[in-house]
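See structure below.
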Amino acid sequence: MLTGCSRRDILDDYPVSGVDIKLDWDGVTDQLPEGVRVIFYPKNGDGRKVDKYLSVRGGEMKVPPGRYSVVVYNYNTESIRIRGEESYETIEAYTGNCNGLGIEGTEKMVWSPDSLYVLNIDELKIEKSEEVLRLDWKLESVVKKYSFAVEAKGLEYVATVVGSIDGLSDCYCIGKGRGVCSSQPIYFEVKKGDNKVTAFFTAFKQVKEMTMPTRMSTSERETSSEKGAIILILKFIKTDNTVQEATIDVTEIIGTLENAGTGEDGKPTPPPEIELPPDDKIEVDKPETPPNPDGGGGMGGNVDGWGPEDNVELPVD
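Note that the sequence shown covers residues 1 to 317 in our numbering.
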């Protein structure tokens, strides 16, 4: 008597084992993503690649027996894109260039990433079995959130402030589990108030074993900063359309914040107050052309939808 396999037991005529994935979001985020993508990459040809979209709580997959590397990440993000997904070693999250803003120079910048949650497993063995293998997994946020406020004089002469940060991770190698800096400044919106500019921005987390993010290559654009430095750049577009630029080296501040650690309650310990030298104070020069009586432009600094995780305040005075 001949017996056959049902579609539940084969994947393209290849024997498979059942895998039941359960995702735990407790302590990760209160704002759950729409769902996740799970990719099993075979190691050394042992198995077959399996790629499936699951609900935010997980679900069942059919995976051929073998040894695998696995990545899991949330999909349907607003600014984050995925490339290099053909292998575990090359899959990477990144953001595109800031095209369409209509502000000169921003086309060379990239967007700040929105929330990305990731799990990477270097090796997982799937045995041939009729029993369903249960996997309890917990993803990790790989996007860091920062805020700062800088005192500035002469803001009455300013129509718009364009902000960017150079030297933080603008892409994230999902399989390798590390942030990468490709020397593209990360753009963010800046809000100007009474003698002060404030902003929020995000960047991919840096590699845990290092203070600085990994550099893909030496920066092609000319800069006075040393390789590995983290520079905050503020461009003040004045009412006569001239631009005044201010740069602040925040390498030491970022390094202090990254190494702040956690307290007994598991929450990040507050970073020390670091004051910049008086020479770093910003003063915008009065434009030669009188301001437009109709008023200048401006950008709001509101960022909606941020949860409590990984929010870091830069103590820039």
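Just so it is clear, CB atoms sit at the ideal spot from N, CA and C, and this is done for glycine as well.
Alpha-carbon spacing of residue i relative to residue j, whole angstroms
| i | j | result |
| --- | --- | --- |
| Gly47 | Phe236 | 56 Å |
| Ser87 | Cys98 | 28 Å |
| Gly100 | Glu189 | 14 Å |
| Val38 | Tyr53 | 6 Å |
| Ser17 | Ser115 | 32 Å |
| Gly66 | Leu135 | 16 Å |
| Arg81 | Ile91 | 11 Å |
| Ser322 | Ile21 | There is simply no residue 322 to check, as the chain begins at 1 and stops at 317 in what is shown. |
| Glu34 | Glu107 | 30 Å |
| Arg178 | Lys286 | 44 Å |
| Leu139 | Val36 | 10 Å |
| Tyr68 | Gly84 | 17 Å |
Per-residue burial, residue i [other beta carbons within 10 Å of its own, 16 or more giving buried]
| i | result |
| --- | --- |
| Val132 | exposed |
| Gly27 | exposed |
| Thr242 | exposed |
| Asn74 | buried |
| Gly45 | exposed |
| Lys238 | buried |
| Gly193 | exposed |
| Thr77 | buried |
Local conformation of residue i per DSSP, three classes
| i | result |
| --- | --- |
| Lys176 | coil |
| Tyr53 | strand |
| Glu92 | strand |
| Thr242 | coil |
| Leu155 | helix |
| Lys128 | coil |
| Gly255 | helix |
| Lys108 | helix |
| Tyr41 | strand |
| Tyr75 | coil |
| Val142 | coil |
Sub-9 Å separation of residue i and residue j beta-carbons
| i | j | result |
| --- | --- | --- |
| Gly163 | Phe201 | yes |
| Val250 | Leu234 | no |
| Val71 | Leu119 | yes |
| Val161 | Val197 | yes |
| Tyr117 | Ser141 | yes |
| Phe40 | Val50 | yes |
| Tyr94 | Cys171 | yes |
| Glu123 | Lys43 | yes |
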